[in-house]
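Just below is one structure, and these are the notes that go with it.
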Amino acid sequence: MSGNVLIGGGTGFVGKHLRTALQNKNYGFTIVSRMPGPQHISWNQLNNAGLPKDTVAVVNLAGQNVMDFKQRWSPGFKQNVVSSRVNTTASLAKAINDASVKPKAFVTMSGVGIYKPDCNLEYTECSKTEPFDFFSKLVLEWEKATSLDSLSKNHCRVISIRSGVVLGKDGGMIKQLYFPFFLGLGGPVGDGKQFMPWIHIDDLVKLIIFAIENDKVEGVLNGVAPNPCTNKEFSIAFAKALRRPAYIPTPKLVFNVILGKERAKMITEGQKVLPERTQEVGFKFQYPTVESACENIVKSI
1 MSGNVLIGGG TGFVGKHLRT ALQNKNYGFT IVSRMPGPQH ISWNQLNNAG
51 LPKDTVAVVN LAGQNVMDFK QRWSPGFKQN VVSSRVNTTA SLAKAINDAS
101 VKPKAFVTMS GVGIYKPDCN LEYTECSKTE PFDFFSKLVL EWEKATSLDS
151 LSKNHCRVIS IRSGVVLGKD GGMIKQLYFP FFLGLGGPVG DGKQFMPWIH
201 IDDLVKLIIF AIENDKVEGV LNGVAPNPCT NKEFSIAFAK ALRRPAYIPT
251 PKLVFNVILG KERAKMITEG QKVLPERTQE VGFKFQYPTV ESACENIVKS
301 I
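Below, the structure written as structure tokens:
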């Protein structure tokens, strides 16, 4: 497959890596963003003019960074977290519905927050989901916004990737943790027994392109590595890759105070999530263990 991929919000951590991977596979791309730049269009331009010519796939990565420590967990910020995901997804779905020539795939990112934290449960793509807190309601609304009309559904596959924590050298959690761990001040959050669903940035980008290119892939895919780990196991693996100790835990109270208890749950609690369907459709992980992921990341820093 070749052609143009439209990327909603493609200027961030994941978008940067996706753009590079698409170029390496001879795809063109157009970014929908509030930021002007080459190969960019605005959301107003999308709403007024529709999909760019030769769009073979649409990917939505747009969304306010939930873990922006500078932002207070206020009602206004929470509304921005929701609208920046749901409204952009709905705008892209409308553009697909309005297009005379449909793209072959509509890939959206959502999250594992749809699964209720419980150390005694394992979740797959087939697990029952229901709203139980802010983040589960967000994911349900987010994924609902991908709905296409009946004509579009006949031509365009819809794939929702429920991503875990994305590990990579130049963004996300690793960027925030690198210096404390490098200085030997790293450690688990609380007792570290909470699960931490995760995926290497290279595997996430590969999964997005895999979903674009494989005609039989649609529906929900868990974007998490096949070997789950706890927060403590991640801390040990990352510290070991850096050849540093990881003995200093951070009390959960610290994150509750800084982030607000509701938002801090993304760090202080976790789910055991497996990519059962992701593997069943034929996707192969390059970094299946947290040890292999951390070793690769540290070597590339």
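In UniProt numbering, the protein residues as written are 1 to 301.
Note that beta-carbon positions come from the ideal geometry of N, C-alpha and C, so glycine has one too.
Check	Outcome
Minimum C-alpha distance to Gly222 - residue among Pro275, Ala246, Lys25 and Lys53	For the record, residue 222 in the displayed sequence is Asn; it is not Gly. Nearest C-alpha to Asn222: Pro275.
CA-to-CA distance, Ala105 to Asn60, given in whole angstroms	11 Å
Where His155 sits in the DSSP three-state scheme	coil
Ser160 to Pro75 span [Cα, whole Å]	26 Å
Touching by the beta-carbon criterion (3+ pairs, under 8 Å), the stretch 63-73 and the stretch 18-30	no
Residue closest to residue 325, alpha-carbon to alpha-carbon, out of Arg263, Phe210 and Val220	Residue 325 lies beyond the residue range present for the chain, which begins at 1 and ends at 301; the question has no answer from this structure.
Extent of the continuous alpha helix (DSSP H) run through Ala225	Careful: Ala225 lies outside any alpha helix (DSSP H) and carries neither H nor E.
Contact under 7 Å by Cβ, Ala95 with Leu151	no
For Ser2, the first and last residue of its enclosing alpha helix (DSSP H)	Here Ser2 belongs to no alpha helix (DSSP H), and DSSP marks it neither H nor E.
Environment of Met196 [buried if 16+ CB atoms lie within 10 Å]	buried
Outcome for Pro251 when other beta-carbon atoms lying within 10 angstroms are tallied against a minimum of 16	exposed
Neighbour-count burial assignment, Asn4, 16 or more Cβ in a 10 Å radius	buried
Beta-carbon gap between Ser100 and Ile114 smaller than 7 Å	no
Run of the beta strand (DSSP E) containing Leu274, from where it starts to where it stops	Premise fails: Leu274 is in no beta strand (DSSP E) and is neither H nor E.
Where the alpha helix (DSSP H) through Thr88 begins and ends	Pro75 to Asp98
Alpha-carbon to alpha-carbon, Gly164 and Asp118	16 Å
Segment contact, 8 Å Cβ cut-off, at least three pairs: the stretch 77-95 with the stretch 165-183	no
C-beta atoms of His17 and Val224 nearer than 7 Å	no
Endpoints, alpha helix (DSSP H) assigned at Met109	Note, Met109: premise wrong, no alpha helix (DSSP H); beta strand (DSSP E) at Ala105 to Gly111.
Asn26 - DSSP class collapsed to helix/strand/coil	coil
Nearest residue (CA-CA) to Ser83, options Met266, Asp133, Leu138 and His40	Leu138
Beta-carbon proximity list for Glu218, same chain, < 7 Å, skipping 5 on both sides	Arg157, Val158 and Ile159
Leu6 - DSSP class collapsed to helix/strand/coil	strand
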